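For the sequence shown, position 211 matches number 210 in numbering that gives the first Met the number 0, and the numbering has no gaps at all. Ideal placement from N, C-alpha and C gives every residue a C-beta, glycine not left out. Keep in mind the model is a prediction, meaning the values are calculated, not measured. These notes are about the structure you will find just below.
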Amino acid sequence: MVRIRLIKYKVVRDFIRFTKKIILPGFDGMPLWDVAVFFFQGVTKGSVTSRASSIAFSFFLAVFPMIIVFFTLIPFIPISGFHDQLMEIIMNVTPDSAEVIIIQTVEDIINRPRGGLLSVTFVMALIFATNGFDSVIEAFNNTYHTMESRSWIKQKLVSILLFFIISLIVIICITLIIGGTFVLKFLVDNNLIGSGIEYYLLEIVKYIVLASMFFFTISFIYYLAPTRDSKFRFISAGSSLATFLALAASIGFNFYIQNFSSYNALYGSIGTLLIILVWIYFNSIILLIGFELNASIQSARKNK
């Protein structure tokens with residue numbers, strides 16, 4: 000009804016005609032207007048916030064078991080500086096207010112190793128992490144754009160595959176950052192570059208690697224999680240949008256927590272846990288927004 004009333008205005012009709020001529024990269028030749036119509040329906044009618052809540056809670060349960068597993072395995076990883084670089088990556092992608100509890104947890108794990116609990120903790124991390132990916136798959140299948148779901152066994156196998164792929168991506172990113180540090184040090188020691196720009200080059204390398212980690216993680220989720228009949232391109236418009244929004248949200252959320260938030264003053268130490276949960280929730284919404292964009296492009300193509 001509102002659309003019928005708005006269409007009477009010439010400026011609205013001109014805007015629609017203009018957006019029907021715009022075809023953005025990654026839209027598979029679909030006009031911006033056609034995709035936007037399905038995207039608006041998917042976001043407004045697809046219960047995005049409810050689905051994001053389910054994803055956030057499931058991944059929140061997996062956070063600390065996964066931290067325990069990663070840092071218990073550090074002594075067995077033959078990479079110099081692996082521990083410090085992993086800590087730096089965690090600090091870069093999580094809110095600053097969450098650093099205290101994460102550092103305390105990591106130091107407790109390193110200073111008081113519990114080798115006998117490694118197998119139990121790994122199983123717990125695997126269960127909770129795959130439950131998180133199960134929530135992602137179910138959230139994708141419950142989108143406004145109708146899509147079939149797979150059997151429970153196939154879904155669980157996909158969740159396990161995603162867990163190992165994303166764990167491997169994290170390890171590769173840490174290795175690249177460490178390798179970049181050694182390369183820059185070699186260049187400085189041999190007077191191939193000035194020592195003054197070493198810090199800035201290292202920061203650039205670090206953020207490029209972190210952005211790549213976000214992008215490939217999201218791309219693998221979008222590529223593997225949806226059902227076989229709903230496959231998207233590995234490099235898609237949705238993964239690009241979600242990567243940009245995730246990085247922007249992390250920077251913005253950090254700024255807000257540092258300057259305006261009073262979580263810790265109100266809730267004490269439990270405020271840190273709330274901050275982590277809210278951060279995961281925001282990223283879950285972003286993950287679904289990117290997925291809705293991919294689903295909207297697919298729906299627009301089918302209805303062409």
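Inter-residue Cα distance where the pair is residue i and residue j
{"i": "residue 221", "j": "residue 231", "result": "7 Å"}
{"i": "residue 297", "j": "residue 280", "result": "26 Å"}
{"i": "residue 126", "j": "residue 133", "result": "10 Å"}
{"i": "residue 13", "j": "residue 278", "result": "40 Å"}
{"i": "residue 226", "j": "residue 149", "result": "6 Å"}
{"i": "residue 176", "j": "residue 209", "result": "9 Å"}
{"i": "residue 199", "j": "residue 275", "result": "29 Å"}
{"i": "residue 239", "j": "residue 206", "result": "16 Å"}
{"i": "residue 237", "j": "residue 124", "result": "28 Å"}
{"i": "residue 179", "j": "residue 44", "result": "45 Å"}
Contact set for residue i: own chain, Cβ-Cβ below 7 Å, skip 5 residues either direction
{"i": "residue 168", "result": "212, 215 and 216"}
{"i": "residue 119", "result": "none"}
{"i": "residue 34", "result": "26, 295, 296 and 299"}
Residue i Cβ short of 7 Å to the ligand ZN heavy atom set
{"i": "residue 278", "result": "Among the ligands in the structure shown, none appear at all, so the ligand ZN cannot be discussed."}
Simplified DSSP assignment, three categories, for residue i
{"i": "residue 238", "result": "helix"}
{"i": "residue 22", "result": "coil"}
{"i": "residue 310", "result": "The structure shown does not extend to residue 310, since the chain is modelled only from 0 through 303, so no value can be given for it."}
{"i": "residue 225", "result": "coil"}
{"i": "residue 69", "result": "helix"}
{"i": "residue 300", "result": "helix"}
{"i": "residue 123", "result": "helix"}
{"i": "residue 30", "result": "coil"}
{"i": "residue 270", "result": "helix"}
{"i": "residue 181", "result": "helix"}
{"i": "residue 141", "result": "coil"}
{"i": "residue 12", "result": "helix"}
8 Å Cβ shell around residue i - same chain, five flanking residues per side excluded
{"i": "residue 284", "result": "47, 48 and 51"}
Same chain, Cβ closer than 6 Å to residue i, neighbours up to 5 away in sequence not counted
{"i": "residue 18", "result": "31 and 32"}
{"i": "residue 136", "result": "154 and 224"}
{"i": "residue 245", "result": "213, 282 and 285"}
{"i": "residue 164", "result": "219"}
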